[in-house]
């Protein structure tokens, strides 16, 4: 894949921290995002028309929005400094040590829904549909839609039929990438009400190498169906390592101190409507659970 001269210049700048740190200190937190955009700029999903719009036409030049953005980010920066001086996560050290549970996501308003993104196989030309809305009395989130396994006739796609819900990665001042630190906890717990379909719970975390960008820790979530709520606890040790849908032979424990996103994926190959209602999602520290990794590591023969 050929790269433009400007893209090559940006790529070389990201590889030289001695130059980029004094010139642009905000460039390093998003260097991985820049690299991913450079390497995948020519990629086009099957069934979609090529993108011919020049990049400069996609920029919305507005002085008023620029001033609002600067005020917003400096306000976030001020809050981050105050929280850092107070303690980890804006809480005192004593509160962090004694904390046993933490509700990470609730669904009380449209602002809470905006922290999530819904996707489906429509991105590759499929026919599945998925939507997210507030439940009754604005106390829960309802993920619903229709799963369709018809393969798009584009000559490239071989499989289809999935719907997913994914949390947006947390961003700090000046759109710096942040992460959730769950190192004090060992269990994911959530309160849900489903229709009996099995879901896959996926946790993504920050990685060190580009070859690990597609790594996920996943676990199966089986809903009961019916009108009653279901409280689920999943230890972090039960999540297995996968990459691009393939379970890996060599496992390692979930890096709970670098979590970026959490998601739910439906792909049980059963055409028809589905619904999943979520009350809250949190983490807890189960003192009785001492397991680090539940899966054996198989050595490869060279």
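Numbering (this note's numbering), first residue to last: 497 to 798.
All C-beta atoms, glycine included, are put in the ideal place defined by N, C-alpha and C.
Everything numeric in this text was worked out from a predicted model, so none of it was measured.
C-alpha distance - residue i paired with residue j, whole-angstrom precision
i: residue 565; j: residue 716; result: 40 Å
i: residue 753; j: residue 573; result: 22 Å
i: residue 676; j: residue 651; result: 40 Å
i: residue 611; j: residue 617; result: 21 Å
i: residue 691; j: residue 787; result: 31 Å
i: residue 739; j: residue 560; result: 43 Å
i: residue 710; j: residue 727; result: 29 Å
i: residue 558; j: residue 550; result: 18 Å
i: residue 547; j: residue 749; result: 40 Å
i: residue 695; j: residue 764; result: 8 Å
i: residue 555; j: residue 545; result: 21 Å
i: residue 745; j: residue 665; result: 28 Å
i: residue 568; j: residue 699; result: 29 Å
i: residue 743; j: residue 708; result: 13 Å
i: residue 662; j: residue 757; result: 7 Å
When the options are compared against residue i, the one with the closest alpha-carbon
i: residue 607; options: 756, 628, 621; result: 628
i: residue 713; options: 730, 658, 724, 587; result: 730
i: residue 772; options: 697, 605, 619, 701; result: 697
i: residue 638; options: 689, 596, 789, 595; result: 689
i: residue 605; options: 584, 635, 703, 702; result: 635
Residue i, enclosing alpha helix (DSSP H) - first and last residue
i: residue 555; result: First-last for residue 555: undefined, no H or E at that position.
i: residue 593; result: 589 to 594
Cβ-Cβ separation, residue j to residue i (assumed contact under 8 Å), whole Å
i: residue 599; j: residue 778; result: 4 Å
i: residue 782; j: residue 682; result: 6 Å
i: residue 686; j: residue 776; result: 7 Å
i: residue 655; j: residue 647; result: 7 Å
i: residue 789; j: residue 733; result: 6 Å
i: residue 586; j: residue 592; result: The Cβ separation is near 10 Å, so there is no contact.
Sequence-distant residues of its chain with Cβ nearer than 8 Å to residue i (five each side left out)
i: residue 679; result: 752, 753
i: residue 660; result: 614, 615, 616, 626, 759, 760, 761, 762
i: residue 562; result: none
i: residue 724; result: 689
i: residue 579; result: 585, 586
The beta strand (DSSP E) enclosing residue i, as first and last residue numbers
i: residue 777; result: 768 to 780
i: residue 727; result: 726 to 731
i: residue 699; result: 694 to 701
i: residue 711; result: 711 to 718
i: residue 684; result: 683 to 690
i: residue 625; result: 625 to 630
Contact set for residue i: own chain, Cβ-Cβ below 7 Å, skip 5 residues either direction
i: residue 668; result: 572, 576, 674
i: residue 800; result: Here the chain comprises residues numbered 497 to 798, so residue 800 is not present and cannot be evaluated.
i: residue 791; result: 736, 747
i: residue 512; result: Reliability of the predicted coordinates at residue 512 is poor, the pLDDT of 41 falling under 50, and no value is obtained from them.
i: residue 595; result: 680
Residue i beta carbon near the ligand SAH (any heavy atom closer than 8 Å)
i: residue 775; result: With respect to small molecules bound, the structure shown includes none, and the ligand SAH cannot be examined in it.
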